[in-house]
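Inspection log for the structure reproduced underneath, given as structure tokens.
Residue numbers (the working numbering): 289 to 416.
Okay, structure coming up:
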């Protein structure tokens with residue numbers, strides 16, 4: 289029985305096959321990615337350029353936060369609105385908390401990296 293016939297299955301948006309590996313993107317994955325992107329962009333706007341790995345690091349940290357909040361830690365929030373089995377409030381809270389943790393863990397290493405001495409070879413000016 290294919291997975292699309294189960295009553296609680298997620299809607300498959302895109303499928304592809306690369307050699308013997310079958311990949312598919314579902315609506316739940318797109319929702320989790322959009323939450324992570326939104327929280328990552330907001331964090332980038334609030335904190336500025338002080339995040340390690342830039343926008344990619346904030347996106348990955350928020351995506352891991354969504355995954356931890358929705359799949360790893362089982363906490364029921366009453367009246368939480370779910371779309372394609374993604375509880376939105378819990379996903380936003382998890383992404384925001386992990387962004388805060390990511391910021392505090394990496395800020396000291398960013399400060400050292402940002403204050404490093406830039407290598408620049410002084411080139412003498414050519415007289416004209």
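From the three backbone atoms N, C-alpha and C, an ideal C-beta is built for every residue, glycine too.
Note that the structure is predicted; figures quoted are calculated from it, not measured.
- By the criterion of a C-beta distance shorter than 7 Å, residue 381 is surrounded in its chain by 357, once the five residues flanking it on both sides are discounted.
- Close CB contacts of residue 328 within its chain, under the 7 Å cut and outside five residues either way in sequence, are with 343, 346, 347, 350 (chain order).
- The way I'd put it, the segment 316-324 does touch the segment 365-383; three or more beta-carbon pairs between them come closer than 8 Å.
- The shortest CA-to-CA distance from residue 389 to any of 340, 363, 366, 308 is the one to 340.
- Counting C-beta atoms within 10 angstroms of its own C-beta, residue 311 has fewer than 16 neighbours from the protein chains shown and is therefore classed as exposed.
- With distances taken between CA atoms, residue 332 lies nearest to 387 out of 415, 367, 387, 300.
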